[in-house]
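Protein chains in written order, with this note's numbering: chain A, 649 to 1069; chain B, 47 to 746. In this text, a Cβ means the ideal position worked out from N, Cα and C, and glycines have one as well. Shown next, in structure tokens, is the structure this report addresses.
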């Protein structure tokens, strides 16, 4: 699917914003532009603007019943309508537990429940969770970050603080989905068997198409009585001790990656209150607030002010770009650090999305995929800066061949194909 | 060389040490150190009664299903005589929840003695700068160095893992950054460091540690800072091979009494009880070819007991008139109760460096002369002390006086320079200094209190080695005679000792190995060497007589030899290096007058035949790996909630840390302060099992 051919200069958008009253909804043209049409150089040279325009495009309302398609007649922030990105496929519906072929792209199933399951929520049950902006249900299959740690928000009852765990979902757009599921190379990458065949094929290289997008989102629980005025809200569901639980969710963070660049374009946004409202949680103990993003790029400030102004009156005005990454190092050859306090809380100082994701790998069946973490000098942290895949592979597993998986760690969620599939 | 000569940075401050103690078998025979297994029947120290839990005198441990009960038992209370400063102690001893963190606190540079004639102004940025030993980083966050006993039963096998040192100015500017570097091993445990009758805990004793950072891992920010001292140091390091640091931990005590700690545990407050004390040290320049961790210089280890009296200012608390006689011993716990002061002591082991060109002897008196007041750290007045040189047939010449008073001791980190340049008998000293015997002489007593060793000195950086059953390892040693390598073949005896393994007590003596733990290639067995150890009365009399397995090796000219060890069975023991050309020296209780290395052989655990389906189950991993660590080092359960049921217990949560567990237990992390297990007692077989489990979990 090619990006839309609409380019709206930022100045026009700003003028449009000035003419708007405080309470008027943004124009439906806001978010109409997919900045990818301007080409990869725009992403490289105007990264923060590209990031914001991409976000606007992705948080635009989606057409009813059509995954990944923007509804040109509705405004960003329109209530009662899911955002485009929310209609992307949850990877839990791509990498199925039995390794079977995923349902077609537009299949609306989200929860790991059979259609006639009594655990499917009734409309009344969902309504009782509180008003939401988006009617989408997000199945959050991850309850912790990649380092195993958790964060939470607080539920204070009778003066006692209880943790409400922050959870995550990852979603792929049509282009990424098709690459994994309907690859023209016929290496089906949605299960381990297909990936291993791809590994063994000397002619095959993992290479997502340039219009692929992947999103990772973090959600907090908002009780019916909680103030949700500053959060994009939707229903969230998760599994707990064999049962599916539901709640109203507030979006606290969103990673966006786009294959517009060969090494992907990486950007991350956080909700404005995250620093003080989310807390570390370990060993059944609530820790300290996560604090401000240590990798915040000051160059984002100007754009945050401008775009939040454009989004006045919508929930998206409370989200801010934290940073972006288009290369491993900056112009001074210093490692580019990028993290989200909701997703890389304990290792922000050693977080480079690109450096870590470069190491997405697959090896022979009998080997494991090598690790995320850099252990040089007896320290442990994320890889940052320039990273040599083959060198690291050789260090961890000498004499074993690994293939790069085009920066997509999510592929390791694939399971073996069950017999009969 | 090294810190024994100029330039010398002196630093002073506080030390913090938080070792876990359940594995010490001090007040209960909790585990078997050779098999690394919890004992099936666990009893408290002789003469004590278990008060909590509920008069459960003996704990029967059948397996991990009893882990919750054992944990509760270890956090209980026992009553007896001479327990932790009173009549109570804990089965897990004074710090069940220690995390082994070790660091300097509020430690600053108090002086700099330059190599050249540089004037060092009082406001030099290096003076007053903060000195730290640093740990590795865990996801960008600094961790503390860790102190680990090679033999947790023993008093004399501590080592500190760190990731180097850092010196930072008052404004936070990093002046010296040394990354990596060596371990530091405890030496010269001095049991008379403070003879205050009120001294408790570790207050009577001290230990020194030596470590180095080679030049390649060192950054000295002399160009960025206007500091003549730093420039002088940088120039010296340029001509040398790095930095060498020696420090002494002393006058240390922990805060929480056993009854109070037991109450905290009972209330669900699982708190640590670290000991805190003083640190005094010196940083100097490492020279090429010098060992990184072994004390250098000429060794003064021959200790003669002397009489003393406590004078004005000594003693920090009144001693009851009817207090029992104090038994001087090395104890990991406080003394039972104050007692009349002992009247005899020895000086602590001392190092000397002779500079014949400038006619100076540098003495390292960091733990030579006792203090006598734990509040003021006042030095015990033992009269006029001189450095003498003995030579020829019973002849001697005084080299110069030794000022051991408190102010210069603290200001100079125990370093004393004694010049004989203006000595009327300077030429006599010149002629004999290289071959004579140094002595610290008490003028008042007309007695040599501390003498240079008569024979060879044996040193090694392989102070503590770990390997596997059926495996092999090496220990490289250097031999010197009065600081010079021998030019002929030199016979060397190897004696095999171990900490008494069946004796539950905070102060276990070293006794002879009965069945070898390893062999040394090329060593020739000799008749056993017999010793009468003269142990304190709390040790069984049968321990006094020791017949020690003894081998002989030959050190080639040049003084360097590598010993090749082959494991026979798992366990921990020591090799004592002995010069057979001199009369046998009985090791002191604290082994401060002994050259030795510690050898730890881990069991051969083989789980390779266990199928994946079984390995992947939590029950299997808990029973075979995690349960042991959760019991002996419960602090780990706070980080990895692997139980037992009455501790943080969340197996799925532990599984999500599989990738980190695999990395933290990776052998390449072994020297890191974040390596797991902290105690370094993970066998290769169990490590391979953990790796398999982690891989299976990660694969889903």
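Residue 311 of chain B at chain A interface by Cβ criterion, 8 Å: It does not; no Cβ of chain A falls within 8 Å.
Chain-order list of residues whose beta-carbon lies under 7 Å from that of residue 2 of chain B (same chain, five-residue window excluded): Residue coverage of chain B in this structure runs from 47 to 746, which leaves residue 2 of chain B outside it and unanswerable.
C-beta atoms of residue 645 of chain B and residue 523 of chain B nearer than 8 Å: No, these two residues do not count as a Cβ contact at 8 Å.
Where the beta strand (DSSP E) through residue 968 of chain A begins and ends: Note, residue 968 of chain A: beta strand (DSSP E), 967-973.
Chain-ordered neighbours of residue 995 of chain A on chain B, where CB pairs are closer than 7 Å: Those within 7 Å of residue 995 of chain A in chain B are 185, 186.
Residues bridged to residue 558 of chain B [DSSP beta-bridge criterion]: Answer by DSSP bridge pairing, in chain order: B:543.
CB of residue 525 of chain B within 8 Å of CB of residue 538 of chain B, strictly: Result yes, Cβ atoms of residue 525 of chain B and residue 538 of chain B sit closer than 8 Å.
Three-state secondary structure assigned by DSSP to residue 420 of chain B: Three-state DSSP puts residue 420 of chain B in coil, outside helix and strand.
Min CB distance residue 991 of chain A to chain B below 8 Å: Answer no: the Cβ-Cβ gap between residue 991 of chain A and chain B never drops below 8 Å.
is_contact[residue 380 of chain B, chain A] using C-beta, thresh 8 Å: With a pLDDT of only 36 at residue 380 of chain B, under 50, the local geometry of the prediction cannot be trusted, and no value is derived from it.
CB of residue 240 of chain B within 8 Å of CB of residue 462 of chain B, strictly: Contact flag unset, no.
Three-state class that DSSP yields for residue 192 of chain B in the structure shown: In the three-state DSSP reduction, residue 192 of chain B falls in the strand class (E or B).
Interface flag, residue 373 of chain B vs chain A, CB-CB below 8 Å: Here the model assigns residue 373 of chain B a pLDDT of 39, short of 50, so the residue's position is not dependable and the matter cannot be decided.
Touching by the beta-carbon criterion (3+ pairs, under 8 Å), the segment 954-968 of chain A and the segment 916-931 of chain A: At 8 Å Cβ cutoff, the stretches touch.
Neighbouring residues, chain A, relative to residue 714 of chain B (Cβ below 7 Å): Simply 1023.
Contact list for residue 986 of chain A against chain B, beta-carbon separation under 8 Å: At a beta-carbon threshold of 8 Å, none of the residues of chain B lie near residue 986 of chain A; the nearest stands roughly 14 Å away.
Interfacial residues, the segment 222-235 of chain B to chain A, with Cβ spacing under 8 Å: From the segment 222-235 of chain B, only 225, 226 have a Cβ closer than 8 Å to chain A.
Interface partners of residue 998 of chain A on chain B, CB under 7 Å: Residue 998 of chain A reaches chain B at 185, 186, counting residues in chain order whose Cβ is nearer than 7 Å.
Nearest neighbour of residue 903 of chain A, chosen from A:896, A:914, A:909 [CA to CA]: When only C-alpha atoms are compared, the closest one is A:914.
Per-residue DSSP class, three states only, for residue 741 of chain A: Residue 741 of chain A falls in the helix class under three-state DSSP.
Residue 81 of chain B classed as buried or exposed, judged by whether at least 16 other C-beta atoms fall within 10 angstroms: Exposed.
Three-state secondary structure (DSSP) of residue 669 of chain A: Low confidence applies to residue 669 of chain A: its pLDDT is 35, below 50, so where it sits in the model is not reliable, and the reading given next is rough at best. Collapsing the DSSP output to three states places residue 669 of chain A in coil.
Presumed contact (8 Å Cβ cut-off) between residue 926 of chain A and residue 990 of chain A, rounded CB distance: Correct: roughly 6 Å between the Cβ atoms.
Chain A residues whose Cβ lies nearer than 7 Å to that of residue 694 of chain B: Going along chain A in sequence order, the residues near residue 694 of chain B (Cβ under 7 Å) are 931, 932.
Neighbourhood of residue 693 of chain B by C-beta distance below 7 Å, restricted to the same chain and skipping five residues each side: The residues 117, 676, 680, 683, in chain order, have a CB closer than 7 Å to that of residue 693 of chain B in the same chain once the five nearest residues on each side in sequence are set aside.
Burial state of residue 150 of chain B, where buried means 16 or more other Cβ atoms lie within 10 Å: Burial is judged here by how many other beta carbons sit within 10 angstroms of a residue's own beta carbon; residue 150 of chain B has at least 16 and is buried.
Pair within 8 Å by beta-carbon distance, residue 332 of chain B and residue 48 of chain B: Cβ distance < 8 Å, so residue 332 of chain B and residue 48 of chain B count as in contact.
Interface residues of chain A facing residue 654 of chain B [CB-CB closer than 9 Å]: Residues of chain A with a Cβ closer than 9 Å to the Cβ of residue 654 of chain B do not exist; the shortest Cβ-Cβ separation is about 15 Å.
Residues in the segment 688-714 of chain A having any Cβ partner in chain B nearer than 7 Å: Within the segment 688-714 of chain A, no residue places its CB atom closer than 7 Å to a CB of chain B.
Helix, strand or coil at residue 444 of chain B [DSSP, three-state]: Looking at residue 444 of chain B - three-state DSSP - the assignment turns out to be strand.
Residue 159 of chain B beta carbon less than 8 Å from that of residue 279 of chain B: Not closer than 8 Å, so no.
Whole runs of the alpha helix (DSSP H) within the segment 819-847 of chain A, excluding any shorter than 4 residues: Under the rule that a run must span 4 or more residues, the alpha helix (DSSP H) segments found entirely inside the segment 819-847 of chain A read 822-829.
Beta strand (DSSP E) runs contained entirely in the segment 897-933 of chain A, provided each spans 3 or more residues: Within the segment 897-933 of chain A, the complete beta strand (DSSP E) runs of at least 3 residues are 913-919, 927-930.
Identity of the residue in B:550, B:712, B:622, B:614 nearest residue 76 of chain B by Cα: Comparing Cα-Cα distances from residue 76 of chain B to each of B:550, B:712, B:622, B:614, the minimum goes to B:550.
Per-residue burial, residue 713 of chain A [other beta carbons within 10 Å of its own, 16 or more giving buried]: Under this definition residue 713 of chain A is an exposed residue.
C-beta atoms of residue 471 of chain B and residue 443 of chain B nearer than 8 Å: Closer than 8 Å, so yes.
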